[in-house]
Amino acid sequence: MITVESTRCTGCAVCVTVCPEDALSCFGLAEVDENCTDCLICVDHCPSGALSGAGDREEPNDRAPR
Ligand code: SF4
Ligand code: SF4
């Protein structure tokens, strides 16, 4: 399951547009629902590093955008 770091999320909704499972919603703050397959696409695309995958919860994602 994907974790949203609420202090980092800017509500830009990029994650909503890239999720292939339609598992993300964003009303000011991103939320993940049970449709998530942990594909981690949203983690790669979040410009704020607000998303992290299972097993990666302690480490904020600071990968540079491609
Ligand atoms: S892409 Fe990142 S900052 Fe933008 S809404 Fe999603 S979690 Fe928040
Ligand atoms: S990990 Fe994949 S399925 Fe889950 S919310 Fe992110 S983009 Fe959607």
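Basically the numbering used here = 1-based index in the sequence shown + 285. In this text, a Cβ means the ideal position worked out from N, Cα and C, and glycines have one as well. Fair warning: this is a prediction, and the values are worked out from it, not measured in the lab.
Length of the line joining the Cα atoms of residue i and residue j
i      : j      : result
Cys297 : Val289 : 13 angstroms
Leu336 : Cys327 : 7 angstroms
Cys331 : Arg293 : 10 angstroms
Met286 : Pro305 : 15 angstroms
Cys324 : Gly313 : 23 angstroms
Residue i classed as buried or exposed, judged by whether at least 16 other C-beta atoms fall within 10 angstroms
i      : result
Leu309 : buried
Val339 : The sequence given here places Ala at residue 339; Val does not occur at that position. By the neighbour-count rule (16 or more Cβ atoms within 10 Å), Ala339 is not buried but exposed.
beta-carbon residue i near ligand 1 non-hydrogen atom, thresh 7 angstroms
i      : result
Val289 : yes
Pro305 : no
Heavy atom of ligand 2 within 7 angstroms of residue i beta-carbon
i      : result
Thr295 : no
Thr322 : yes
Beta-carbon contacts of residue i that lie in its chain and below 6 angstroms, excluding the five residues immediately before and after
i      : result
Thr302 : none
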